[in-house]
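> Take the sequence shown: its letters are residues 22 to 152, numbered as in this note's numbering.
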Amino acid sequence: MASTFFTWIRSPAAREYFFSTHFWGPVANFGLPLAAIADLNKDEEVISGTMTATLAFYSLVFTRFAWRVQPRNYLLFACHTTNAIAQSVQGARFVNYWHYGGREKKYGLHGTESKGPVTQALQELGKSDAK
22 MASTFFTWIR SPAAREYFFS THFWGPVANF GLPLAAIADL NKDEEVISGT
72 MTATLAFYSL VFTRFAWRVQ PRNYLLFACH TTNAIAQSVQ GARFVNYWHY
122 GGREKKYGLH GTESKGPVTQ ALQELGKSDA K
């Protein structure tokens, strides 16, 4: 297996691959998932819901593109799959923080304030329907 790989590395096909956009495009694009993974340690306050959703959708579209293009670009596929997963995790953190009481828990708010705005709106809607 290793000898086959080293034989391929010395071949013109390998040089053609390493000097093509099929290699350098995904390598340059790996900055997106690396940044998203690094942002997993940051505070939820700084997450942009709009940008996170846009990047997740963008990566899902290009994941499909990398799979459908001939010849398949596995490096681009791996790059965008990684980014789609990382952005989805960021999106879940955003929704939990802003809509499911994560912010209130972080700041120790109690009573009716400890519920997220969506929960409060649903409770108010339920109270008005009961009248």
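Backbone N, C-alpha and C fix where the C-beta goes; we use that ideal spot for every residue, glycine too.
Compute the distance between the beta-carbons of T73 and F115, then report whether it is under 7 Å.
Yes, the pair counts as a contact, with Cβ atoms nearer than the cut-off.
> Should A107 and I58 be called a contact, given that it needs their Cβ atoms to be closer than 7 Å?
Yes, they are a contact pair.
> So, at 6 Å on beta carbons, what are the nonlocal neighbours of N94 in its own chain, with the 5 sequence-adjacent residues on each side left out?
Cβ within range, chain order: H43, A87.
> To the nearest angstrom, report how far apart S109 and T84 are at their CA atoms.
So the two alpha carbons sit approximately 14 Å from each other.
> When you compare the CB positions of S80 and A56, do they come within less than 7 Å of one another, or not?
Their beta carbons are not under 7 Å apart, which means S80 does not touch A56 by this criterion.
> Is the beta carbon of T103 closer than 7 Å to that of P47?
Cβ distance not < 7 Å, so P47 and T103 don't count as in contact.
> Under the rule that 16 or more other beta-carbon atoms within 10 Å means buried, what is Y118, buried or exposed?
When all chains shown are included, Y118 counts as buried.
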